[in-house]
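The numbering of the sequence shown is the numbering used here, which starts it at 2 and goes up by one.
Built from N, CA and C at the ideal position, the CB exists for glycine as well.
Before any comments, here is the structure.
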Amino acid sequence: MHYHHGDLRRAMLEAATEAIAANGVDRLSIRGLARATDVSHTAFRHHFGDRRGLLTALAAEGYGSMSQVLRAVDRTGPEGFLETGVAYIEWALAHPAHFQVMFEPDLVDMDDPDLREALDGLAGALMMGAADFAGRDQAGDPRTNPLALAAWSLTHGFATLALAGNLPTDGAPVGELARDVLRHLAPPTQPGHPPTEPGHG
2 MHYHHGDLRR
12 AMLEAATEAI
22 AANGVDRLSI
32 RGLARATDVS
42 HTAFRHHFGD
52 RRGLLTALAA
62 EGYGSMSQVL
72 RAVDRTGPEG
82 FLETGVAYIE
92 WALAHPAHFQ
102 VMFEPDLVDM
112 DDPDLREALD
122 GLAGALMMGA
132 ADFAGRDQAG
142 DPRTNPLALA
152 AWSLTHGFAT
162 LALAGNLPTD
172 GAPVGELARD
182 VLRHLAPPTQ
192 PGHPPTEPGH
202 G
């Protein structure tokens with residue numbers, strides 16, 4: 002791909018995104034990115050410092066993008082939790098490179114202020130979905146609240162399995178399959194929960 006250098010930082014992030022999506026984050030080469038974008042190592046270091054700085058910027062971008070999508074979900078209906086989960090999964094499938102980096106703290110600088118701000122924004126968006134699932138009085142940070150963590154774990158696990166190609170590709174679209182799976186996690190009091198069969202509840 003030919004990169005226009007009106008925004009060199011943007012060009013390097015795009016090149017990194019494509020490289021990670023194609024070959025995985027472990028094979029990301031700064032030298033290769035410099036060749037792909039036709040820039041010097043000096044220019045690269047000016048924007049990111051090093052590989053860790055690049056991945057930190059990519060993760061922060063991912064947190065912000067996912068947060069924006071989750072906050073835009075129409076949660077006024079009876080299945081707001083389900084739709085938030087589906088949006089999470091569909092975003093991950095559309096942004097595999099970002100998703101690879103976002104949840105690997107060893108790859109990034111967790112003390113970076115831009116990263117922290119973006120991560121806290123995503124946590125807030127996830128809490129909104131968790132409130133739909135657990136109830137406003139029980140919702141909390143999805144990283145520590147048991148009910149919210151259960152919902153996040155299933156959603157994140159589904160996305161990871163889908164990205165790895167471990168889910169059936171025939172039949173219903175991934176979004177519909179995700180919706181069916183998440184529906185079984187919804188508490189019995191939630192409208193999204195499947196009806197209980199006679200004699201089983």
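Sequence-distant residues of its chain with Cβ nearer than 8 angstroms to residue i (five each side left out)
i: H5; result: Note on H5: pLDDT 47, under 50, position unreliable in the model; the coordinate value appears next. Within the same chain, H5 has close Cβ partners A12.
i: V87; result: G176, A179, R180 and L183
i: R53; result: L108, V109 and D110
Nearest-angstrom Cα separation, counted from residue j out to residue i
i: L155; j: L162; result: 10 angstroms
i: L183; j: L127; result: 15 angstroms
i: L14; j: L59; result: 7 angstroms
i: T121; j: E84; result: As written in the sequence, residue 121 is Asp, which differs from the Thr given in the question. Approximately 21 angstroms between the Cα atoms of the pair.
i: S30; j: F100; result: 18 angstroms
i: G200; j: M103; result: With a pLDDT of only 44 at G200, under 50, the local geometry of the prediction cannot be trusted, and no value is derived from it.
i: A20; j: V26; result: 8 angstroms
i: R32; j: H42; result: 8 angstroms
i: T119; j: G130; result: For clarity, residue 119 is Ala in the given sequence; the question names Thr instead. For A119 and G130, the distance between alpha carbons rounds to 17 angstroms.
i: G166; j: R46; result: 35 angstroms
i: P195; j: N146; result: Interpretation of P195 is limited by its pLDDT of 47, a score under 50 that renders its predicted location unreliable; the figure taken from the coordinates is listed afterwards. Whole-angstrom Cα-Cα distance: 24 angstroms.
i: A37; j: P174; result: 35 angstroms
i: D51; j: N24; result: 19 angstroms
i: D1; j: G158; result: There is no way to answer for residue 1, as the model of the chain reaches only from 2 to 202.
i: D113; j: T18; result: 20 angstroms
i: A28; j: A35; result: Looking at the sequence shown, residue 28 is not Ala but Arg. C-alpha separation (whole angstroms): 14 angstroms.
i: T77; j: L148; result: 21 angstroms
i: G125; j: F82; result: 14 angstroms
Own chain partners of residue i with C-beta closer than 7 angstroms, once the 5 adjacent residues on each side are dropped
i: L9; result: V40, A44 and H48
i: L116; result: T57, A60, A61, V109 and D110
i: T190; result: Confidence is the limiting factor: at T190 the pLDDT is only 46, short of 50, which leaves the residue's position unreliable and the question unanswerable from this model.
i: G65; result: A119 and G122
i: A73; result: none
For residue j and residue i, believed in contact at Cβ under 8 angstroms, the rounded distance
i: V109; j: L164; result: No, V109 and L164 are not in contact; Cβ-Cβ is about 19 angstroms, not under 8 angstroms.
i: A160; j: L71; result: Between L71 and A160 the Cβ distance is about 13 angstroms, and since that is not below 8 angstroms, they are no contact.
i: A152; j: L186; result: 6 angstroms
i: A22; j: P97; result: 5 angstroms
Proximal residues to residue i (C-beta, below 6 angstroms), its chain only, five neighbours per side dropped
i: E105; result: none
i: H92; result: Before going further, note that residue 92 is Trp rather than His in the sequence given. Once the five neighbours on either side are set aside, the close Cβ partners of W92 are M67 and V70.
i: G63; result: H99 and M103
i: Y89; result: T156
i: H3; result: Caution applies to H3, whose pLDDT of 47 falls short of 50 and renders its modelled position unreliable; the model cannot decide the point.
i: L168; result: L162
Contact test: residue i Cβ vs the ligand SAM heavy atom, cutoff 6 angstroms
i: S66; result: The ligand SAM is absent from the structure shown, which contains no ligand whatsoever.
Which whole runs of the alpha helix (DSSP H) in the region 58-131 are 4 residues long or more, in chain order?
81-95 and 97-103
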